[in-house]
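Trainee: Be aware that the sequence shown starts at 92, since it is given in the numbering used here, and climbs by one per residue.
Every residue, glycine too, gets a C-beta built ideally from N, C-alpha and C.
Everything numeric in this text was worked out from a predicted model, so none of it was measured.
Here it is, the structure, as structure tokens.
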Amino acid sequence: DEVQTGFARTGEWFAWQHHFDSTGAVRPDVVTMAKALGNGVPIGAIWAKREIAAAFQPGDHATTYGGQPLATSA
Numbered sequence: 092d093e094v095q096t097g098f099a100r101t102g103e104w105f106a107w108q109h110h111f112d113s114t115g116a117v118r119p120d121v122v123t124m125a126k127a128l129g130n131g132v133p134i135g136a137i138w139a140k141r142e143i144a145a146a147f148q149p150g151d152h153a154t155t156y157g158g159q160p161l162a163t164s165a
């Protein structure tokens, strides 16, 4: 969850990049990003594997930053 920590504050772009398994890497199914992503402009984003993203339909998720005029016009 890079929403609270911001980016690259752990020595890698994302905190999950510090964790490895026996195959050599651990990759998250979902990564959430906000706050630091916009450098003061209220915006949020999510990265998800294709099969997980397919479960989302318009309107079934929400955000505290949803519809902010500056962020949506940029």
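Could you tell me the distance, in whole angstroms, from the CA atom of proline 149 to the CA atom of glutamine 159?
Mentor: Numbered from 1 along the sequence shown, position 58 holds the residue referred to as residue 149. Numbered from 1 along the sequence shown, position 68 holds the residue referred to as residue 159. Cα-Cα distance, rounded: 17 Å.
Trainee: Comparing alpha-carbon positions, which option in Thr114, Leu128, Asp120 lies nearest tryptophan 104?
Mentor: Looking up residue 104 in the sequence shown gives position 13. Closest option to tryptophan 104, Cα to Cα, is Leu128.
Trainee: Counting only the same chain and skipping the five closest in sequence on each side, list residues whose C-beta sits under 8 Å from that of histidine 109.
Mentor: Along the sequence shown, one-based indexing puts residue 109 at 18. Thr101, Gly102, Glu103.
Trainee: Quick check: what's the CA-CA separation for alanine 125 versus alanine 153?
Mentor: Locating residue 125 in the sequence shown gives position 34, counting from the first residue. Locating residue 153 in the sequence shown gives position 62, counting from the first residue. So the alpha carbons of these two residues sit roughly 13 Å apart.
Trainee: Do alanine 162 and isoleucine 137 have their CB atoms nearer than 7 Å?
Mentor: As a working mapping, residue 162 is identified with position 71 in the sequence shown. As a working mapping, residue 137 is identified with position 46 in the sequence shown. Not a contact, by the Cβ cut-off of 7 Å.
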